[in-house]
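These notes concern the structure reproduced below.
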Ligand code: T4K
């Protein structure tokens, strides 16, 4: 630990612990040689997009991994969600969590469908099936579950509810590649599930997404939709858009997918390292992964209990950022507090007590291939130092902010 006194903290003018920022979602880049070889191949072939061989291989490998009949590669997960929503014929209202990345809600609203925000379970962070019924109205056509942090939703309870009310159920599985629910791989549940391969995800294709489904007709409709509705040359069968994944993205995705075990093993090592070191910190709780399931461990998520820890998540974030350790407040402030939802549904927060509480408590910490045990030690030591000296830190911050400097 390099901080000897509170004055050494970067927020008070000390040297930041890191010169280059330490990120939560630094892209994992593995086997550069293999990737570049694939880039050379695709350049030689001059097939850059439009369902080329790498996209086909990527889809095939994903379908094998997930155990579904169809995997459809798309340019990003947001486009994937939009295509699923449209192909399912959803309209009116769809029940969605607010504790998620904004794309879950936007992919509905942009198609004129109201996301009706449902509260999450305080311990799983996932949509709470017990709160779904109160969100159902005559306009409800669907439910979207998000497997937040890769921890599976209560799929069974959600499926039962969807069946009972005749609603379509689909999943935003952006975080959940290579994770399982009761032993079965995520990707095979509901009507469809959508994975993300954004640069910040543990397996990336620069930008990219994959729709997984066992429904033949749905897959067919989505394939048409993401390719302008084309079936062969000069033959457009339906309304569509351009949601295709490029070959270079698929080359990156394939290369990273081949190295999935290496990345997961590093994520797990980091997770266990954090768990060991954070053990015993009052008011700081690292979320647990169910070890009976398959997990990708791509997020290191802590909940800060301000009363117990004595310090708020936001002050901690500020102190870490000053040190160039860019911890994140995912998913602050919650979709319902972002536009256009904040204006459209100003009272949504009244029904979301767990969400409101979580967005004030959650902090995600750096992990991935670029983080090693020395970084984790530095991060946890800094946390320890801050907690120990929090009273003095607050006093100094107060003095800094008061005009007289006293
Ligand atoms: N559903 C859920 C539940 C999601 O979490 C997401 C995406 C989606 C749907 C939509 O998937 P996509 O349509 O994106 O495929 C990031 C990602 O941009 C976003 O994809 C992700 N969720 C979300 C959880 O995190 P931010 O706000 O953290 O900012 P971003 O992308 O700038 O990345 C954070 C840091 O990582 C940067 O400060 C710098 C570093 N970074 C980032 C990129 C892109 C790099 O070092 N290199 C890079 O190339 O959103």
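In my numbering, the protein residues as written are 508 to 913. Idealized CB from N, CA, C, for every residue including glycine.
- Are the beta-carbon atoms belonging to residue 705 and residue 535 less than 8 angstroms from one another? Cβ atoms of residue 705 and residue 535: not closer than 8 angstroms.
- Between 714, 555, 579, 624, which lies nearest to residue 857 when the distance is taken from Cα to Cα? Each of 714, 555, 579, 624 was checked against the Cα of residue 857, and the nearest Cα belongs to 624.
- Inter-stretch contact (C-beta, 8 angstroms, three-pair minimum) for the segment 546-558 and the segment 887-898: Short answer: they don't touch.
- Task: Would you kindly report the start and end of the unbroken beta strand (DSSP E) that includes residue 648?
- Result: Element bounds for residue 648: 647-653.
- Boundaries (first-last residue) of the beta strand (DSSP E) holding residue 675: Taken as a continuous stretch (DSSP letters only), the beta strand (DSSP E) holding residue 675 covers 675-679.
- Message: With H, G and I counted as helix, E and B as strand and the rest as coil, what does DSSP make of residue 737?
- Response: Looking at residue 737 - three-state DSSP - the assignment turns out to be strand.
- Message: Below 8 angstroms on the Cβ atoms is my contact criterion, and I expect residue 620 with residue 601 to pass it. Report the Cβ-Cβ distance as a whole number of Å.
- Response: Yes, residue 620 and residue 601 are in contact; Cβ-Cβ is about 5 angstroms, under 8 angstroms.
- Would you mind reading off the limits of the alpha helix (DSSP H) that contains residue 727? From DSSP, the alpha helix (DSSP H) with residue 727 extends over 723-732.
- Could you check the C-alpha separation between residue 590 and residue 579 for me, to the nearest Å? CA-CA distance, residue 590 to residue 579, rounds to 11 angstroms.
- Message: On the DSSP bridge list, what partners appear for residue 603?
- Response: DSSP, once it has assigned bridges, lists 624 as partnering residue 603.
- Item | residue 824 beta carbon near the ligand T4K (any heavy atom closer than 7 angstroms) | Residue 824: no, Cβ never under 7 angstroms from the ligand T4K.
- Item | Counted within 10 angstroms of its Cβ, other Cβ atoms place residue 850 as buried (16 or more) or exposed | When all chains shown are included, residue 850 counts as exposed.
- Query: According to the neighbour-count rule (16 or more other Cβ atoms, all chains shown, within 10 Å of its Cβ), is residue 618 buried or exposed?
  - Reply: Looking at its Cβ environment, which holds fewer than 16 other Cβ atoms inside 10 Å, residue 618 is exposed.
- When you compare each of 834, 761, 903 to residue 562 by their alpha carbons, which one comes out closest? Just measuring C-alpha positions, the residue of 834, 761, 903 sitting nearest residue 562 is 761.
- May I have a chain-ordered list of the alpha helix (DSSP H) segments no shorter than 4 residues that lie completely inside the segment 738-814? Correct list: 754-765, 767-785.
- Message: Checking 8 angstroms against the spacing of the C-beta atoms, do residue 681 and residue 735 come in under that value?
- Response: Note that the C-beta distance between residue 681 and residue 735 is not below 8 angstroms.
- Which partner residues does residue 914 have in the DSSP bridge list? Since the first residue of the chain shown is 508 and the last is 913, residue 914 is not available in this structure.
- Who are the near neighbours of residue 824 in its chain, counting only those whose CB is closer than 7 angstroms to its CB and skipping five residues on each side? Correct list, in chain order: 834, 836, 870.
- Query: Between residue 896 and the rest of its own chain, which residues show a CB-CB distance below 6 angstroms, the 5 nearest in sequence each way excluded?
  - Reply: Contacts found: 513.
- Message: I'd like to confirm something about residue 608: is its beta-carbon nearer than 7 angstroms to some heavy atom of the ligand T4K, or not?
- Response: Checking the Cβ of residue 608 against the ligand T4K gives yes.
- Query: Shortest alpha-carbon distance to residue 839 belongs to which of 638, 861, 723?
  - Reply: If we check each option's Cα against that of residue 839, 861 comes out closest.
- Message: Using only the alpha-carbon positions, how far apart do residue 662 and residue 529 sit?
- Response: Those two C-alpha atoms are separated by around 35 angstroms.
- Message: So residue 807 and residue 874 are supposed to be a Cβ contact under 8 angstroms. How far apart are they, rounded?
- Response: Contact between residue 807 and residue 874 holds, since their C-beta atoms are separated by about 5 angstroms, short of 8 angstroms.
- Query: Where does residue 661 fall in DSSP's three states?
  - Reply: Coil, per DSSP.
- Rounded to whole angstroms, what's the CA-CA distance from residue 905 to residue 821? Just pull it up for me. Straight across, the Cα-Cα distance linking residue 905 with residue 821 is about 15 angstroms.
- Query: Are the segment 675-692 and the segment 786-803 touching, with three or more C-beta to C-beta distances below 8 angstroms?
  - Reply: The segment 675-692 is in contact with the segment 786-803.
- Item | CB contact flag (residue 702, residue 717, <8 angstroms) | Against a cut-off of 8 angstroms, the Cβ pair of residue 717 and residue 702 comes out as a contact.
- Item | For residue 716: DSSP bridge partner residues | Answer by DSSP bridge pairing, in chain order: 581, 703.
- Could you check how far apart the C-beta atoms of residue 648 and residue 598 are, in whole angstroms? I think they sit under 8 angstroms. The Cβ separation is near 6 angstroms, so the contact holds.
- Is residue 879 helix, strand or coil when you go by DSSP? The answer is coil: DSSP assigns residue 879 none of H, G, I, E or B.
- Message: How far does the alpha helix (DSSP H) with residue 615 in it extend, from its first residue to its last?
- Response: It spans 610-616 - the alpha helix (DSSP H) in which residue 615 sits, taken as one unbroken run.
- Boundaries of the beta strand (DSSP E) in which residue 872 is found, first to last residue: Its beta strand (DSSP E) spans residues 869-872.
- By DSSP, does residue 903 sit in helix, in strand, or in coil? Three-state DSSP puts residue 903 in a helix.
- Would you call residue 611 buried or exposed, if buried means 16 or more other Cβ atoms sit within 10 Å of its Cβ? The residue in question, residue 611, is buried, as its Cβ has 16 or more Cβ neighbours within 10 Å.
- Query: residue 565: which of 626, 882, 764, 769 sits nearest, CA to CA?
  - Reply: Checking every option, the nearest Cα to that of residue 565 belongs to 764.
- Hey, is residue 651 close to the ligand T4K, as in C-beta under 7 angstroms from one of its heavy atoms? The beta carbon of residue 651 sits no closer than 7 angstroms to any heavy atom of the ligand T4K.
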